[in-house]
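Accompanying notes for the structure given below.
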Amino acid sequence: MSDYGFILVNETIFIKNDFETNAILPLINITYPKELYDKIIPQEISPSDFGFSIALTENYTRLTIDPKGYEIQPNGSVTISVKFYLAKVFSRVSDINFSASIPLVPALSLPCKQVNSSLSIPFFMIFVSQHENFTEQMIKNRWTLLGTLLNVTEGFSITDNVMISNPAKVYFALLEFTEAKRELILSSLGEIKVRDTITMVNYDNASISKLKPSLLTDDFKSVIVIPPLTNPFSNNLSDANKRQVDLGNSLERGEKYTITLEYPAKSSDFIKAKDGLFELSLPLRSPIDGVIYDYTVKVNFPEGFFVYGKAEESKVNASPLDSNKSIEFRYGLAWASKDIMPIASFIFIIALVAFVVVGKPFVKEELKEVVIRTREYVESFEEKIMATKELIELQKKRQLSQISKAEFKTTQRLLEERISKANAKINELRQKLITLQPSLQKPLSEISDLHHDYDRTVRDLVNLYDQFSTKKIKAEAFDKLLPVHQRRVDDAKESLLDSIDILRSEVE
Numbered sequence: 003m004s005d006y007g008f009i010l011v012n013e014t015i016f017i018k019n020d021f022e023t024n025a026i027l028p029l030i031n032i033t034y035p036k037e038l039y040d041k042i043i044p045q046e047i048s049p050s051d052f053g054f055s056i057a058l059t060e061n062y063t064r065l066t067i068d069p070k071g072y073e074i075q076p077n078g079s080v081t082i083s084v085k086f087y088l089a090k091v092f093s094r095v096s097d098i099n100f101s102a103s104i105p106l107v108p109a110l111s112l113p114c115k116q117v118n119s120s121l122s123i124p125f126f127m128i129f130v131s132q133h134e135n136f137t138e139q140m141i142k143n144r145w146t147l148l149g150t151l152l153n154v155t156e157g158f159s160i161t162d163n164v165m166i167s168n169p170a171k172v173y174f175a176l177l178e179f180t181e182a183k184r185e186l187i188l189s190s191l192g193e194i195k196v197r198d199t200i201t202m203v204n205y206d207n208a209s210i211s212k213l214k215p216s217l218l219t220d221d222f223k224s225v226i227v228i229p230p231l232t233n234p235f236s237n238n239l240s241d242a243n244k245r246q247v248d249l250g251n252s253l254e255r256g257e258k259y260t261i262t263l264e265y266p267a268k269s270s271d272f273i274k275a276k277d278g279l280f281e282l283s284l285p286l287r288s289p290i291d292g293v294i295y296d297y298t299v300k301v302n303f304p305e306g307f308f309v310y311g312k313a314e315e316s317k318v319n320a321s322p323l324d325s326n327k328s329i330e331f332r333y334g335l336a337w338a339s340k341d342i343m344p345i346a347s348f349i350f351i352i353a354l355v356a357f358v359v360v361g362k363p364f365v366k367e368e369l370k371e372v373v374i375r376t377r378e379y380v381e382s383f384e385e386k387i388m389a390t391k392e393l394i395e396l397q398k399k400r401q402l403s404q405i406s407k408a409e410f411k412t413t414q415r416l417l418e419e420r421i422s423k424a425n426a427k428i429n430e431l432r433q434k435l436i437t438l439q440p441s442l443q444k445p446l447s448e449i450s451d452l453h454h455d456y457d458r459t460v461r462d463l464v465n466l467y468d469q470f471s472t473k474k475i476k477a478e479a480f481d482k483l484l485p486v487h488q489r490r491v492d493d494a495k496e497s498l499l500d501s502i503d504i505l506r507s508e509v510e
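Residue numbers (this note's numbering): 3 to 510.
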């Protein structure tokens, strides 16, 4: 649980096949109390090719895991992990006590030999309530509620009212964060200023006057706080202040408030030079240890610079789980524009020229690598198109009842894995080609657009087969629509291959 009352839930299921034949995993349902439906914020699932969805039924909230026809070999096993956040579940019941109804053991649609459950609360907070089959332990300086149940039957669950206390009155604020924006502002001198704008809503019964942000870097002593209605002020970030900042206002229950924080960052921590250009690698982690419904990261470059690709990225339901991800931005001096005189400072230009002189030039070895990577790029497309063709043929076999249901699901999963791997390789090689030869940006963008068109037409065709197989459309309608969709796929494929051939001839 975070300092804002968000609870990160990790539902992990270990399944072993004790039979002598392959076992196809069925849909797995986990059910929770009905009132949690609006408080669950989905995040991720592992294995990544599995799917999951959350639905509200008449009596409960249901999380469904779709293994996509996954097969477990005899004596084999699989571990499934679904992560989501619970938001706005705690409420204040006194000056220092908070309570929430929490599903300590959710109901699973499978019997389990053993269920392990744990709940950790923030540092210096303690449990007030007691729970049958659960004990308290201090783990990594946090009090943790631990429970182990054996031979749990299908549908068994435990939902308890958990009460915690904050006797030391450490920072704990019941806030939700509707949006946030992190801007990196680069100066012509190569300096970086970070500007975090955070919008929050207080759902606590008490007023809140401080925030505990997760800043991009902590190698400075203070931050400039810019409230909406008062003058900016400097806020000390010493350990004595517990890394907290004043809001400049007292936020009451139900009130919405936006605040901006500004602080410096070392350019050497985020920017490196390569092939006469600059690369800025920015962690995706958000400025709050919790979920932000709408989060944007943006880089503002100084006048006289050209950006390759996007300078802004957005994410819905951003969370600390994104901390290990990063966004790459590439930029350089726009020498070619008639309106652009290198306005960047003389010092900055000298630094760039020095790098170009002493750095590795774009020589024949790199030209050779461009050719090799282009061939790999083309081969990845050929692999994807071949796997897609086989997937469509598989749909035809199902329509004509020429394949069993089990064989269809297994083959479908294998083909989708091939397509997914090819897509990953295509995206990886695209970035490498742009890095090696920025002039390829335009033809690669055209290929990407045609690639999206091709995917869309294939998806429409597969959906048509699915609708017919599930009897959502009649045979007469299917027979009329099939040649139309097939022709769209063929046309999109031809346009895509033509564009790829142009790229290949241009490089080679």
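Using N, Cα and C, we set each Cβ at its ideal position, and we do this for glycine too.
Check, Outcome
"Give a single yes or no on whether Lys495 has its beta carbon closer than 7 Å to a heavy atom of the ligand SAH.", "Among the ligands in the structure shown, none appear at all, so the ligand SAH cannot be discussed."
"Which ranges does the beta strand (DSSP E) cover as unbroken runs of at least 3 residues, wholly within the segment 243-322, from first to last along the chain?", "247-253, 258-267, 273-276, 279-285, 294-302, 307-310 and 314-320"
"Under 8 Å Cβ to Cβ from Pro266, same chain only, skipping five residues before and after it: list those, please.", "Glu193, Ile194, Lys195, Val196 and Phe222"
"Using three-state DSSP, classify Glu134 as helix, strand or coil.", "coil"
"Taking only three categories from DSSP, how would you classify Asn465?", "helix"
"Three or more C-beta pairs under 8 Å: does that hold for the segment 109-117 against the segment 145-164?", "yes"
"So, with DSSP's three-state summary, where would you put Val380?", "helix"
"Restricting to runs no shorter than 3 residues, where is the beta strand (DSSP E) found entirely within the segment 8-50?", "9-18, 30-35 and 42-48"
"For Pro69, count neighbouring C-beta atoms within 10 Å of its own C-beta (all shown protein chains included) and say buried if the count is 16 or more, exposed if not.", "buried"
"In whole angstroms, what is the alpha-carbon distance linking Ile141 and Asn233?", "43 Å"
"Run through DSSP, which three-state label would Leu239 get?", "coil"
"What residue does the alpha helix (DSSP H) around Ser507 start on, and which one ends it?", "Ala477 to Val509"
"Closest by CA to Val164, which one among Phe136, Ala175 and Ala170?", "Phe136"
"In the DSSP assignment, the alpha helix (DSSP H) including Lys115 goes from what residue to what residue?", "Here Lys115 belongs to no alpha helix (DSSP H); instead the beta strand (DSSP E) covers Cys114 to Ser122."
"Counting pairs of beta carbons, one from the segment 197-210 and one from the segment 167-181, are three or more of them closer than 8 Å?", "yes"
"Where does Asp514 land, buried or exposed, given buried means 16+ other C-beta within 10 angstroms?", "This structure gives no information on residue 514, because the portion of the chain shown stretches from 3 to 510."
"Assuming Pro169 contacts Ile128 (C-beta within less than 8 Å), just tell me the rounded distance between them.", "7 Å"
"When the Cα atoms are used, what is the spatial distance from Ala389 to Ile405?", "18 Å"
"Strictly by DSSP, which residues pair up with Arg184?", "Asp198 and Val299"
"Tell me which same chain residues have a C-beta within less than 6 Å of the C-beta of Ile104, skipping the five on either side of it?", "Val164"
"Grab me the residues of Ile210's own chain with a C-beta within less than 6 Å of its C-beta, minus the 5 sequence neighbours each way, in chain order.", "Ala175, Asn204 and Leu253"
"Considering only DSSP beta bridges, list what Lys370 is partnered with.", "Looking at the DSSP assignment, Lys370 forms no beta bridge with any residue, so it has no partner."
"By Cβ distance below 6 Å, which residues in the same chain neighbour Phe16 in space, the five residues on each side in sequence not counted?", "Thr81"
"Could you check what DSSP says for Pro76 in three-state terms: helix, strand or coil?", "coil"
"Can you confirm whether the segment 452-459 touches the segment 492-503 when touching is taken to mean that 3 or more C-beta pairs between the two stretches lie within less than 8 Å?", "yes"
"Pick out whichever of Pro230, Arg245 and Pro229 has its Cα sitting closest to the Cα of Leu218.", "Arg245"
"Near Glu385, which residues of its chain fall below 6 Å by C-beta distance, leaving aside the five closest residues on each side in sequence?", "Ala424"
"The beta strand (DSSP E) that contains Ile210, what's its start and end?", "Ile210 to Leu213"
"Roughly how many angstroms separate the alpha carbons of Ile261 and Ile294, rounded to a whole number?", "14 Å"
"List the endpoints of the continuous beta strand (DSSP E) containing Ala170.", "No beta strand (DSSP E) contains Ala170, which DSSP labels as neither H nor E."
"Hey, out of Ile228, Leu188, Asp162 and Lys258, whose CA is closest to Asp206's CA?", "Lys258"
"Which two residues bound the contiguous beta strand (DSSP E) that contains Ser55?", "Gly53 to Leu58"
"Under 8 Å: do the segment 316-332 and the segment 277-287 share three or more Cβ pairs, one atom per stretch?", "yes"
"Let me make sure I understand the geometry here. Which of Tyr34, Asp248, Glu314 and Lys276 has the alpha-carbon closest to that of Lys183?", "Glu314"
"Check for me: the beta strand (DSSP E) holding Phe125 runs from which residue to which?", "Element bounds for Phe125: n/a, residue is neither H nor E."
"Rounded to a whole number of angstroms, what is the C-alpha to C-alpha distance between Arg415 and Glu73?", "10 Å"
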